[in-house]
Structures are given as structure tokens and as C-alpha cells.
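Number of protein chains: 2
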Amino acid sequence: MQNFIAFNPTKLHFGKDVLSGLAASLPLYGKRVLLLYGKGSIIRTGLYDRVMQILRQAGMEVAEYGGIKPNPIVEDVDAAAALGRKHKADVILAVGGGSVIDSAKIISLTIPVEHSGWDFYSGKAKPVQAVPLVAVLTLAATGTEMNRFAVISNHAEGKKQGYGHALCYPRESFLDPTLTISVPKDHTGYGIADLVAHCLEMYFGAGDASLSDRFITSVVREAMEYGPQLLDNLNDYDLRARIMYAATMALNGLTANGKVSGDWAVHSMGHVLSLLYDTPHGASLTIAYPAWLKYFKEPMRDRIAALGTELFREQLDADATILRLEGFFRQIGCPVRLADINVGPDQQEALVNGFIVNEVNGGNMKMTEEDYPVLVGLM
Amino acid sequence: MQNFIAFNPTKLHFGKDVLSGLAASLPLYGKRVLLLYGKGSIIRTGLYDRVMQILRQAGMEVAEYGGIKPNPIVEDVDAAAALGRKHKADVILAVGGGSVIDSAKIISLTIPVEHSGWDFYSGKAKPVQAVPLVAVLTLAATGTEMNRFAVISNHAEGKKQGYGHALCYPRESFLDPTLTISVPKDHTGYGIADLVAHCLEMYFGAGDASLSDRFITSVVREAMEYGPQLLDNLNDYDLRARIMYAATMALNGLTANGKVSGDWAVHSMGHVLSLLYDTPHGASLTIAYPAWLKYFKEPMRDRIAALGTELFREQLDADATILRLEGFFRQIGCPVRLADINVGPDQQEALVNGFIVNEVNGGNMKMTEEDYPVLVGLM
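Here the protein sequences come in this chain order: A and B.
The working numbering applies: residue 43 is where the first sequence begins, and numbers increase by one.
The working numbering applies: residue 43 is where the second sequence begins, and numbers increase by one.
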């Protein structure tokens, strides 16, 4: 076991009607709030009106920035940060899924400095402080609601990258599974894929941490048991709740304790797919994972087999495990090959080039540019 | 799934040589430290000298209170609180196992008020603030290093009870598994029993929280795999580390999310044994658990069988599960009957009376005084 620090300051409010607690929480940070949201689904569902009512009742002064895209871009981060600076925001309220909350984390770092949010990714800027961030989550997927990570795209540079800092933890996150009931079937499946991929990235990371491995397979088994049931019962509160909680636990630090690092190459590969073809994040991962597992099958043979045996509770070898995982991804409606998203062999060069620009690599299984063509060929 | 708030502010420093970090952490809270420790084992092992050296180098002004007993008593809490008040302590440094850290939590609440520490247990006093608490853990067992609970005995009232409050979380805890290597075999086993019992108390609690159940069985399986190995290799750092981390995760809130409550009747039963016969806490639990499981076997039949099937990875019924758990407790050197600790049938009345005084009951499986004689008879 590797030395580690376990520390997660986010206060998570989970369950039915927890949103009413916003009225007590937000004023703790001040009166001036910057409200962030995405492309309007919160307006259609009535959530926007509900949040505005809570903000009015709490006497908050609101500036709002809507329209943050799935696969969020640095231009929105910088524009929202400028607004927050002008508004002298005491607190940020992010209402949405991973895109909105990830953007909000970088906005919270960007407001206090004269920089673009991308400068944290490029290393040109170091965070000094952050505007307190409160999140209302509407999609079970990324785990951003209880972690320090944020993924942003910079199309000018052809990059989509992750960044993490201790200042990025939301102070509080409000998770009402009811709010995820409006998520359509395909994106519900992508969210399940995302949480499973987070577990696998840590499982295939470096270092020997047996209890973290057990927590990892616990979360994956939860997703494997209730994910398919949920896709057949999209309005079921209890199934929504189990998946939402699993997504939070999949990437809040719990699975990392005692490990040297995760791997995360599959996420880098998936980011390139999202950049080039606007592939939803979860769907990009279910295409990248089978290829990655096949490519590293020899050095990972025992580790893959142990995973399959634990997840499926029968003796499986590496090949059988990869097949079963592919089968699960298909079962939750996710693509597992480039062909499934209509990306043809003519795109191989563009993908390899995207891997090069984004320096695709793993924390455990190392790659060079020479590995990329074969990896892409397996997708 | 029940609504819940997940929040645990303790910063856990885990691994080899993490103690050196004390020098940076303690001054964050002020210069005046109240040092608490137990019955001298930290002096024999040299840990006391090491801590004092760190405190001197950090320029701390130290008042110290040693001699806190296993099964700690309110008299020590009140005397140490008086010393801390006189010293105007900015921070408490508790070095020891559950007894010292539990005492420190109540001392941290007692210093700011004109009360006995027991008044928090009896409801006569409500916490208003707490002196910040930093812990150095020397025994893997109770999980107190990352939770809000404290158990204290009041012999004048014949009570041993638990208390929990959000102000009781240690600000930081330092866990170097090396420090547990001096723990003798019997107490190492009792610690393993304690962490397993914490898991079982939550497993047999009220409410349906599937992922918490998976986390629970993960921790128990970790203890079942590495516990017996550790007892054969008491000097093995890696085994000490796995058990120490498992003990922390067994009772830091992780296993409670989404549940209505734990049960905790077995802990109440064990507390009575400790009060009457000074039975080590872990050993009291391995006597109480088989009796409790047998007593509630009918209403809990499916739940007990599911536990055994998951833990031992073969189809087991409730009876077989209870036998296997007893076998595991014996394997780690723990008593499973009153006879194993030389408490004879003549003590039944005293035990029943202890149950009455301590109002032994469960959060899930309810009891009345009429249940006590049969329960005691099964021990």
C-alpha cells in the first residue's frame, strides 16, 4: 500500500427534495450568486424556475450564465468568469451535469485571477483561491459533484484535458435522484458507462491496494445489477438513486486510497473521440475500453481475469472478461466500436494525430506514439 | 434508499513516517497543545519521545495528561478537560488507541463549558464548540480516528455509552501502520473483531442500501483475508496497513449512507461485559454477536444467509453463516462464549441487570427487558 491522504471536504446532500436545503446553504457564502447552467433542459423541466424561486426567497442577487455545452469549452469558462468577476460573485451555483459543474470549478478558480481558465491546464497559472461552489446535479455520471477534477475542451488547440486541484471540491452538492428521471435512455446508459469506466481506470492503475479494489468492484457490480434494470424503468426513483450514488462513489477518492495512480489512458483516448466527433463522453469510453484491454491483454492477463472473476462470480480468463464487459456495455446501449458511431477506417490518421496532440498515455501502462496506430485499429 | 448527508471533514494522513507531518499541521491551530495519552505504552515504544521532539521543534507549549485507561472513564475526561482549560489549549493532540481518542473528543467538547463530560451523554449539556483535535493512532480497531463517535464509561452510574456529534471529528488523523506493530497478538485480534463488528452492526441495521452493503462486505472480506495472516506475521508492515485502513473504513460513515440506522445492540451488550468484567471491547463483541444472531435468526434468516453467501462465496444458510462467523472469531483469537472469559452462569443476573441499566436495544431489531435473560443465556 502506498502512503496517501484521504480528505474530501464536499458535503453531499442526497435524496428526495434535498434542494430545499439550498435556501439555508447558499447565504452562508454571501448574497451574490453566479448561476450556471447548460443548454436549457433545466428550463424545460421546470428546475430553473424552482431554483430561481429558492434564490429569490433566500434574498440572493443573481447573475446567470446559461448555454454551457456538453463537452464544455474554455470560451464559456472565460465568459462566465468575466461575468462572475463583474458581479463580484460570493458563490457559484452550478445546476446541471458534469459539463456545467466541471466548467464551474474552473470558473471558480478563474474569477480571482487575470487569466484564461485554460492557463490552469497549460500550467501558465496556479490557483490561489476559489469562489465557493455549490452544485445541483442533474445527471449521474462523472462524479464531479464530490471530487476535485474538471475536464474542459480547447478546440483552438485541439485538446480536451482533465485538471484537478484541492480548491476545486464543491463546498456542497445537492443530489436529488428525481432530477435525473428526465435523462433519456441513451444518456442514462452513457452515465452508467462513465461511472464503470472510472472504476476500471482505478482498477487498472498502479499499486496494490486490496480494499480499494474491493470498493471498485462493489461499485461496478452495483452498476451491473441496477443499470440494466434502470434502462427498463427510467422513471423508477429507487433505481435512479442507486445509480446516482454509485456514480458519486466511483470517483470521489475512495477508490484511489493506497494506489500509486489510476491509469486514465482510456479517458484520454475517449476525449479525442469527443473532440473529433462530439461523441458523448460515456460512449467514447465504451469504444476505447475494449481496444485498450485487448492491447494490454498480455501484461494485464491475470489482473483482467481477476476482475472478471470477481464481477461475474465465475472463473473467467482475460478474453472472457473482455467479452463480458463488452456485452455489458452493449446491454446498457453503448457503442463498443468506432463503426457503431459511424466513424470509418478513413479516420484512423485523424485519430492517431489526435492521440499525438493530446499526448495520450496511461499512469500505469505506458504508451508511445508507436502504440497509437494499433490501438486505433482495435477500436 | 434513505435520504442522507455524506460529510466527513477529517483529513487522514496514512502511511509510513506520516508523523513528521505533525510539525506542519499542529501550529495551524495555535501554539498551546494539550497532549493526551494512555497507560505508558507510548513511553515504552519511544513514541512519546518522538512526539515531544516534534512538538518542541514546532515550538508548541505542551500540557500533558497521561494514564487514560482502556475502557476510558469520565473521571479522566473531566480531569484532562480541567487541565486543558487551565492551559488555554488551542489544540488537543491525542496519541493512542480508541480510548485516548474517544476521551479526547469529549475533552474537546468539555473544555469550553462548565460541565462534566458525562453531561453530553446524559443530555444535560449540548456542545457549543470544540477545541480542534489532532489524533495519532496506535491501534487499528475502533475507527474513531475518522468519525464523530466516542464511548466513555461512568462507573458511578454503571454505564458505558456512545455519543456522537459533528464537532467530534478529528481535524486531522495520522495513521502510521508501523506504530501498530507493537500491539500484541491478542489485542490485534480484538481490533480485527471490532472492525468486523462495526460492519455487521451496519449490515444488520434498518433500511435498504445496496452499495453500502457491498462496501460493508468488502471491508469484512478484507479483514477475513488479511486478519489471520497478520496474526501469524505481527511485524508485517503491509498486513498492518491493510487492517489499519480497513478499521478506519469500517466506521467512518461510508457504510451508513442510504441506511435508516445501524443496529448496535451488540455493542450495547458488549459494553455491559466490559463494564462488569473489564473485557476488552473487541472480545466483548465476539461473545455478544453469536448470541444476538441466534436470538434474531428467524426474522433475519434471509439477511444472515445472504451475508454468509457473500462473505464466504458459497451458498450458506443462516445457521451455517453463524457457525462460520464464530469460526472466524475463534481463528483471530477471540472468545465467543462467556465461558471463554471465565464468566460463569452465576453472573446471569448481574448481566441482565447491566442490560437493564444500560437500556440495551437495537436500532433495527427491537428488544425489551423480557428478551434479556434468553440473550444472556445464549452468550
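Cβ atoms here follow ideal geometry from the backbone N, Cα and C, with glycine treated the same way.
Range covered by the alpha helix (DSSP H) that runs through residue i
{"i": "Gln271/A", "result": "252–274"}
{"i": "Ala105/B", "result": "Note, Ala105/B: premise wrong, no alpha helix (DSSP H); beta strand (DSSP E) at 103–107."}
{"i": "Lys227/A", "result": "227–245"}
{"i": "Tyr319/A", "result": "307–319"}
{"i": "Gly295/B", "result": "Looking at the DSSP string, Gly295/B is not in any alpha helix (DSSP H), and its letter there is neither H nor E."}
{"i": "Leu327/A", "result": "323–337"}
{"i": "Tyr90/B", "result": "89–99"}
Residue i: contacting residues in chain A (beta-carbon distance under 7 Å)
{"i": "His55/B", "result": "Ile47"}
{"i": "Met291/B", "result": "Leu253"}
Chain-ordered neighbours of residue i on chain B, where CB pairs are closer than 8 Å
{"i": "Arg284/A", "result": "Met43, Ser252, Leu253"}
{"i": "Tyr287/A", "result": "Met43, Leu253, Asn299, Gly300"}
Status (buried if at least 16 other CB within 10 Å, exposed otherwise) for residue i
{"i": "Gly88/A", "result": "exposed"}
{"i": "Gly386/B", "result": "exposed"}
{"i": "Thr410/B", "result": "exposed"}
{"i": "Asp305/B", "result": "buried"}
{"i": "Ser62/A", "result": "exposed"}
{"i": "Pro377/A", "result": "buried"}
{"i": "Val128/B", "result": "The question names Val, but residue 128/B is Lys in the sequence shown. Its Cβ having fewer than 16 others within 10 Å, Lys128/B is exposed."}
{"i": "Ala136/A", "result": "buried"}
{"i": "Gly165/A", "result": "exposed"}
{"i": "Ala218/A", "result": "Before going on, a small fix: residue 218/A reads as Asp here, not Ala. So Asp218/A ends up on the buried side."}
{"i": "Glu264/B", "result": "buried"}
{"i": "Asn275/B", "result": "exposed"}
{"i": "Lys301/A", "result": "buried"}
{"i": "Leu281/B", "result": "buried"}
{"i": "His313/A", "result": "buried"}
{"i": "Asp236/B", "result": "buried"}
{"i": "Ala123/B", "result": "buried"}
{"i": "Ile258/B", "result": "buried"}
{"i": "Gln168/A", "result": "What sits at residue 168/A in the sequence shown is Lys, not Gln. Label assigned to Lys168/A: exposed."}
{"i": "Glu340/B", "result": "exposed"}
{"i": "Val416/A", "result": "exposed"}
Residue i: first and last residue of the uninterrupted beta strand (DSSP E) it sits in
{"i": "Lys128/A", "result": "Not the beta strand (DSSP E): Lys128/A falls in the alpha helix (DSSP H), residues 116–128."}
{"i": "Gly138/B", "result": "133–138"}
{"i": "Lys111/A", "result": "Careful: Lys111/A lies outside any beta strand (DSSP E) and carries neither H nor E."}
{"i": "Ser215/A", "result": "214–217"}
{"i": "Gly204/A", "result": "201–206"}
Contacts of residue i in chain A (Cβ-Cβ under 8 Å)
{"i": "Gly247/B", "result": "Correct list: empty, because the minimum Cβ distance to chain A is about 17 Å."}
Cross-chain neighbours of residue i in chain A, by beta carbon under 9 Å
{"i": "His344/B", "result": "For clarity, residue 344/B is Asp in the given sequence; the question names His instead. In chain order: nothing, as chain A lies at least about 17 Å away."}
Any C-beta of chain D under 8 Å from that of residue i
{"i": "Pro174/A", "result": "Of the chains in the structure shown, none is chain D; the protein chains are A and B."}
9 Å Cβ cut-off: residues of chain B touching residue i
{"i": "Asp280/A", "result": "Met43, Asp250"}
Beta-carbon neighbours of residue i, restricted to chain B and to distances below 7 Å
{"i": "Pro51/A", "result": "Pro51"}
- Query: Which residue spans inside the region 161–192 of chain A form an unbroken beta strand (DSSP E) run of at least 3?
  - Reply: Inside the region 161–192 of chain A, DSSP marks whole beta strand (DSSP E) runs of 3 or more residues at positions 175–179, from first to last along the chain.
- Task: Enumerate, from N- to C-terminal direction, the unbroken alpha helix (DSSP H) stretches of 4 or more residues contained entirely within the region 348–414 of chain B.
- Result: Runs of the alpha helix (DSSP H) inside the region 348–414 of chain B: 360–373, 390–399.
- Query: Using a beta-carbon distance cut-off of less than 9 Å, what residues from the region 257–277 of chain A approach chain B?
  - Reply: Per Cβ criterion, the list reads Phe257, Thr259, Ser260, Val261, Arg263, Glu264, Glu267, Tyr268.
- Message: By the 9 Å beta-carbon criterion, what residues does the region 369–397 of chain B contribute toward chain A?
- Response: Within the region 369–397 of chain B, no residue qualifies.
- Task: Give the residues from the region 202–224 of chain B that approach chain A closer than 7 Å (Cβ to any Cβ), ordered along the chain.
- Result: Those residues of the region 202–224 of chain B that come within reach of chain A (Cβ to Cβ, closer than 7 Å) do not exist; the list is empty.
- Any alpha helix (DSSP H) of 4 or more consecutive residues that is wholly inside the region 44–85 of chain B: If we require 4 residues or more, the alpha helix (DSSP H) runs fully inside the region 44–85 of chain B come out as 64–67.
- Message: By the 7 Å beta-carbon criterion, what residues does the region 59–93 of chain B contribute toward chain A?
- Response: Taking 7 Å as the cut-off between beta carbons, the residues of the region 59–93 of chain B near chain A are Val60, in sequence order.
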